[in-house]
Every structure is written in structure tokens, then in C-alpha cells.
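Those letters in the sequence shown? Residues 336 to 678, by this note's numbering.
Idealized CB from N, CA, C, for every residue including glycine.
It should be emphasised that the depicted structure is a prediction, and the values quoted were computed from it without experimental measurement.
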Amino acid sequence: GHTRPWGKRDVGWQQRNARRRGDLHLDRVRVLCRPAADDGDAAPAQLLINAALEEGADHGTEADQPFAGHGLQPQLGRAGQPVLSRRIRRLEQAVGNPLFERSSRSVALTRAGRQLRDQAGKALLTLDNAVRAAGKTARRDTAPLRIGFITAGESILRSLLDRCRTHLRCEVQLFQLSSAQQVDQLRSGALDIGLLRPPASCGNLHIVVLGREGVVCAMPQGHRLAGAAELRLEAVAGERLIRFGPVIGTLFQRRIDQELRRRRIAVIGGGSAQDTYSIQVQVASAAGIALLPAYVALTPWPGVTYAAIADLPEFIPLAAATRANETRRMVLRAAEMVVAGSR
């Protein structure tokens, strides 16, 4: 047949029928103690005390309920009267005093029962909040570890992935992004760790420099300088030089231009590009030469040869970045692994 939803009219109907059967108390407990939709994760301690206090459910309005508004909402409506009675006896034995005053027509809390209700309710609410907060922390710690990287960080990334699989046992999501993109996504919370060129201003980021690399000259095959393992910077004088365009978060091109001016080495403008891939494509097409971070020589571009600039120091930093206020254990451990793996 048709099943009506639970409501006040249903409770009244249950009460009338319970009076006729003479078992008002048990049926009233069952009606009042239907678990709420969001009560499925109540703490075991709260369930224990609720089981005992359920016998104190009123026979009238909500205002008469001895435990209403004290964090001790009834949870065990499915329990039968013998189960409730046994739990009440155990609780009263533990307290050392009766918790209920019973008569043929009513049930009321004793002074000890009211004290237990008031103090235990607050304590259990605090416990519930702590359990839920710990659960949220555990879920955050099992979320994927999101790592951004530039090409220069690939060698560190390989060792980090091995360590994450062995020690953290977490899923790792990788994103190849420019340093500027990583800075933005770290600050917005879209990334957890970045392997990047450190920005001019750290802001709310924690930056650890992992190492520094030198500079190589990238030349098309057949160029007059091709074939040398090392060059001095003045060897590029008079050449068409392809530069990095304006890139937020890196000081590389500015440092190269400063060195060229300081040594009074004149070059010809040969265009610009925003990343090393695009620059190497232009070099391979004989549009000019380029001065690039040394890591590009580890994976040579077809049609391009490389020579180290011997008289420039290793000044190009590679850094690991996290948010300065990061507290998640998994992220902090992974960041420590990045630093350890770079040494």
C-alpha cells in the first residue's frame, strides 16, 4: 500500500495506537529516535550515552525532552527496549547514581542525569568536531599530489616520482607549465609543488633553490662555431641572436643582456620567442643562434648543436616552490624529498 512520509501526524497516530497496546514508551522511543540523515557518522561515545538517555524521551512536546539542545540527539531508534534498558543500567552503574526518575506515566532526569546531559553533551560535540576535522585532514592527505615543472626540472622529477611511489604511496599529477604559470597556480591553490625559475618576488611562496646551471650557445648545424665543445662569450659578437621575449618570473634574458653590454659585445637582433622549444625551432631553421640554459643540451633538438659558454658562471637557478602557509603533511614531505633528491 501507500506509505506516508514521517511527520507530526504520524507521530500522533503512533502514540494513539501505542496507548491502546500499552507500550507507549517503546514505540515513542522508536518514533522519536529515527536517525537524522546527517547522523550516520556519530561518535561511538555519543551513541552509548544517547542509548541510555533515549529512555528519557518525553511523552509530550520537544521542549519537555530532557536531552534536547544539548548535543545528545537520539540515535538508536532501531534498538529494542531490552537493549536500551541494559545500556541504561550499565551507565547508571558507571555513574554511581540513578539517571532517571520513572513513574507509570512519565520519565524525568534526576539531578545526576541533568548534569551528565549538560556536561557530556558539550564534550561529545567537541569530540565529534575533532573527529570530523581529523577525517577532513586524512582525506586531504590522500588527495593527489599536484606538481608543476619546467623542462629543466625533469631530472629531479624522475627521482621524486620514485620516492613518492615508495614512501608516500600517493597519486601524482604532473603539469608542464612555464614558471609564471606555476607561480599563479601555486598562489591560487591549483598546484602543490612547483619546479621553476624563482620569481623576482616570492610573495606568499616558500622558495628553495635546488641548484644552478650555466649557459650554452645553440647553433644550427653547419654554423661557423659548430663543433666546438666550449666557447667564450665574445665568440657570439656580430651574430644574429634570438632572445627570450618578456617572460614573467625569470631573470635569465636580463642577465645575458647585462653581460653582453658589460663586455661590449655587439650582436644583431634576431627575433624572440617565449620558450626554449620555439627558440630552438628558429635556430634549427638557421634564423640565428641563441644563448640558453644548459639543460637544453641534455635533449638535443634536431638540426641544432650546442657549446658551453665557459666564461659565464652557473647563475641560472632551479627552485622548488610551495605555498608559505602549507600545512599538509604529504606536500611537506614531498617538498623535502625534492630538496633531498637535488643534492
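Could you pull the start and end residues of the beta strand (DSSP E) that residue i belongs to?
| i | result |
| --- | --- |
| THR611 | Unbroken run through THR611 is the alpha helix (DSSP H), 611 to 619; no beta strand (DSSP E). |
| ALA601 | Here ALA601 belongs to no beta strand (DSSP E), and DSSP marks it neither H nor E. |
| ARG440 | Counting along the chain, ARG440 falls outside any beta strand (DSSP E), and DSSP gives it neither H nor E. |
| LEU627 | 625 to 628 |
Give me, in chain order, the residues of the same chain whose beta-carbon lies closer than 8 Å to that of residue i; leave out the 5 immediate sequence neighbours on both sides.
| i | result |
| --- | --- |
| LEU566 | CYS552, LEU560, ALA642, ALA643, ILE644 and ALA645 |
| ALA572 | ILE600, ALA601 and VAL602 |
| GLN511 | GLY483, PHE484, ILE485 and THR486 |
| LEU647 | GLY549, VAL550, LEU568 and GLU594 |
| GLY524 | ARG658 |
| PRO637 | ALA619 |
| VAL666 | LEU480, ASP527, ILE528 and THR657 |
Is residue i near the ligand SAH, judged by its Cβ being under 6 Å from some heavy atom?
| i | result |
| --- | --- |
| VAL631 | For the ligand SAH, the structure offers nothing, since it holds no ligand at all. |
Who does residue i pair with in a DSSP beta bridge?
| i | result |
| --- | --- |
| GLY431 | Looking at the DSSP assignment, GLY431 forms no beta bridge with any residue, so it has no partner. |
| SER607 | ARG578 |
| LEU566 | ILE644 |
| ALA656 | GLY529 and ILE542 |
| VAL639 | PRO555 |
| ILE651 | GLU548 |
In terms of alpha-carbon separation, which member of the options lies closest to residue i?
| i | options | result |
| --- | --- | --- |
| HIS558 | ALA622, SER420 and GLY546 | ALA622 |
| THR640 | ARG481, SER620 and SER523 | SER620 |
| ARG437 | GLN450, ILE423 and GLN428 | ILE423 |
| CYS505 | ASP519, LEU480 and ASP497 | LEU480 |
| ARG663 | ILE528, ARG498, ARG547 and LEU586 | ILE528 |
| ILE624 | GLY604, LEU633 and TYR630 | GLY604 |
| VAL518 | LEU509, LEU496, HIS541 and CYS499 | HIS541 |
| ILE614 | ARG421, PRO635 and ARG597 | PRO635 |
| GLU574 | GLY562, GLY456 and GLY606 | GLY606 |
| LEU586 | GLU649, ALA515 and ALA535 | ALA535 |
| GLN450 | ALA563, GLY538, LEU526 and LEU434 | LEU434 |
| ASN660 | LEU633, ILE591, GLY538 and LEU496 | GLY538 |
| LEU627 | ARG596, LEU460, ARG597 and ARG589 | ARG589 |
Return the chain-ordered list of same chain residues with a C-beta closer than 6 Å to the C-beta of residue i, the five sequence neighbours on each side being excluded.
| i | result |
| --- | --- |
| GLN617 | ILE577 |
| SER494 | GLY676 |
| ASN432 | ALA447 |
| GLN609 | GLY580 |
| ASP358 | Unreliable positioning characterises ASP358 in this predicted model, as indicated by a pLDDT of 36, which lies under 50. A coordinate reading is not provided. |
| ALA629 | GLU548, GLY549 and VAL551 |
| SER420 | none |
| ALA371 | With a pLDDT of 35 at ALA371, under the threshold of 50, the modelled position of that residue is not reliable, and no figure is offered here. |
By Cβ distance below 7 Å, which residues in the same chain neighbour residue i in space, the five residues on each side in sequence not counted?
| i | result |
| --- | --- |
| ILE491 | LEU530, LEU545, VAL673, GLY676 and SER677 |
| ARG668 | LEU503 |
| PRO652 | ARG532, PRO533, VAL544 and ARG547 |
Assuming residue i is part of the alpha helix (DSSP H), what are its boundary residues?
| i | result |
| --- | --- |
| ALA680 | Not covered by the structure: residue 680. The range shown for the chain is 336 to 678. |
| ARG596 | 587 to 597 |
Determine whether the Cβ of residue i lies closer than 7 Å to any Cβ atom of chain B.
| i | result |
| --- | --- |
| ARG578 | In the structure shown, chain B cannot be found, because there is only a single protein chain. |
**Q.** Those runs of the beta strand (DSSP E) which lie wholly inside the segment 470 to 555 and span at least 3 residues
**A.** You should have 480 to 484, 507 to 511, 528 to 531, 540 to 548 and 550 to 555.
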